[in-house]
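Asks: I'd like to ask some things about the structure below.
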Ligand SMILES: [Zn+2]
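Residue numbers (my numbering): -4 to 109.
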């Protein structure tokens, strides 16, 4: 199986199962959230599998995204704290700190950079 871990940030739904089984190593599985952490044995790139359509029969298809992609999504949502909690400067400041830490750990997270 060809490694696309450095070239892609999300796999099409119909390729997820095959890629996971043939290429990735399962590192962790959270029985409560059904989130699964995978690692590419060749590049060390980490992937997060989750089930966003949990209302579907059997939990629906697994979504597979790299950690950086997930970090980018969280970054964008934390950005909205400024609007959602506009009268709470502590919350806005904490959200800002978290965005900074995500960007440090997962470079390329901040979509407004460069
Ligand atoms: Zn790989």
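Think of the CB as a built atom: it goes at the ideal place given N, C-alpha and C, for glycine as much as any other residue.
Every value quoted in this text rests on a predicted model; they were computed, and no experiment measured them.
Quick one: which unbroken alpha helix (DSSP H) runs of 4-plus residues sit fully inside the region 45 to 80? Chain order, please.
Replies: The region 45 to 80 contains these whole alpha helix (DSSP H) runs: 62 to 74, 76 to 79.
Asks: Report the residue from 38, 33, 58 whose alpha carbon sits nearest the alpha carbon of residue 45.
Replies: When only C-alpha atoms are compared, the closest one is 58.
Asks: CB-CB under 8 Å to residue 70, same chain, minus the five flanking residues each way: which ones, in chain order?
Replies: Cβ neighbours of residue 70 beyond the five flanking positions: 94, 97, 98, 104, 105, 106.
Asks: Using a threshold of 7 Å, state whether the C-beta atoms of residue 76 and residue 65 are closer than that.
Replies: Not a contact, by the Cβ cut-off of 7 Å.
Asks: Does residue 79 pass the burial test, meaning 16 or more other C-beta atoms within 10 Å, or should it be called exposed?
Replies: Flag for residue 79 reads exposed.
Asks: Please determine whether the Cβ atom of residue 38 lies at a distance below 6 Å from any heavy atom of ligand 3.
Replies: No copy of ligand 3 appears in this structure; the ligands present are ligand 1.
Asks: Given that a residue counts as buried once 16 or more other Cβ atoms are within 10 Å of its Cβ, and exposed if not, what is residue 8?
Replies: Label assigned to residue 8: exposed.
Asks: Using the C-alpha atoms, what's the distance from residue 13 back to residue 61?
Replies: Distance between the alpha carbons of residue 61 and residue 13 is about 16 Å.
Asks: Please report the residue range of the beta strand (DSSP E) in which residue 33 lies.
Replies: Unbroken beta strand (DSSP E) run through residue 33: 31 to 34.
Asks: Look at the alpha carbon of residue -3 and the alpha carbon of residue 84, and state the distance between them as a whole number of angstroms.
Replies: If you take the alpha carbons of residue -3 and residue 84, they lie about 48 Å apart.
Asks: Out of curiosity, what's the CA-to-CA distance linking residue 24 and residue 37?
Replies: In a straight line, the C-alpha of residue 24 is about 21 Å away from that of residue 37.
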